[in-house]
Amino acid sequence: MVEQELAGRLHRAHVASMAVTRSAEPRHLSRFCVDLIQASEGRPVSGSTLAEILAEHGVDTIVVDMTPRPEVFSLGAPSASLYDLAERERARRSA
Numbered sequence: 004m005v006e007q008e009l010a011g012r013l014h015r016a017h018v019a020s021m022a023v024t025r026s027a028e029p030r031h032l033s034r035f036c037v038d039l040i041q042a043s044e045g046r047p048v049s050g051s052t053l054a055e056i057l058a059e060h061g062v063d064t065i066v067v068d069m070t071p072r073p074e075v076f077s078l079g080a081p082s083a084s085l086y087d088l089a090e091r092e093r094a095r096r097s098a
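Numbered according to the numbering used here, the sequence shown spans residues 4 to 98.
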């Protein structure tokens, strides 16, 4: 049950992999848990990733690798002239 909860929270926080060293202090483990809960519930501190938050808190015995997140740009709707040009080009290529 703990494994499923941890895996689910790591997935929601966009963590690809993590490593915990043997010298991890109890303070680092508790800080990791608090930060993971916040990141997995969609309320990270100042929009930072879990890795950045852990680094800010001085947690260096737990290393997380984040999954890449592509940026999405809003381009808006194409103009009518551009739409007409694309339609003519499609018709020309299919002919």
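From the three backbone atoms N, C-alpha and C, an ideal C-beta is built for every residue, glycine too.
In this text, all values refer to a predicted model and were calculated from it rather than measured experimentally.
Among the options, the one whose alpha carbon lies nearest that of residue i
| i | options | result |
| --- | --- | --- |
| residue 15 | 91, 51, 39 | 39 |
| residue 72 | 19, 5, 11 | 19 |
Residue i versus residue j - alpha carbon distance
| i | j | result |
| --- | --- | --- |
| residue 91 | residue 70 | 41 Å |
| residue 13 | residue 35 | 11 Å |
| residue 7 | residue 74 | 29 Å |
| residue 25 | residue 9 | 19 Å |
| residue 82 | residue 97 | 23 Å |
| residue 77 | residue 84 | 19 Å |
| residue 94 | residue 87 | 11 Å |
Residue i vs residue j beta-carbon contact at 8 Å
| i | j | result |
| --- | --- | --- |
| residue 54 | residue 37 | no |
| residue 27 | residue 52 | no |
| residue 62 | residue 17 | no |
Cβ-based burial, residue i [other Cβ within 10 Å; buried from 16]
| i | result |
| --- | --- |
| residue 43 | buried |
| residue 57 | buried |
message: So within the segment 18-48, which uninterrupted alpha helix (DSSP H) runs reach at least 4 residues, ignoring any that extend past its ends?
response: You should have 29-43.
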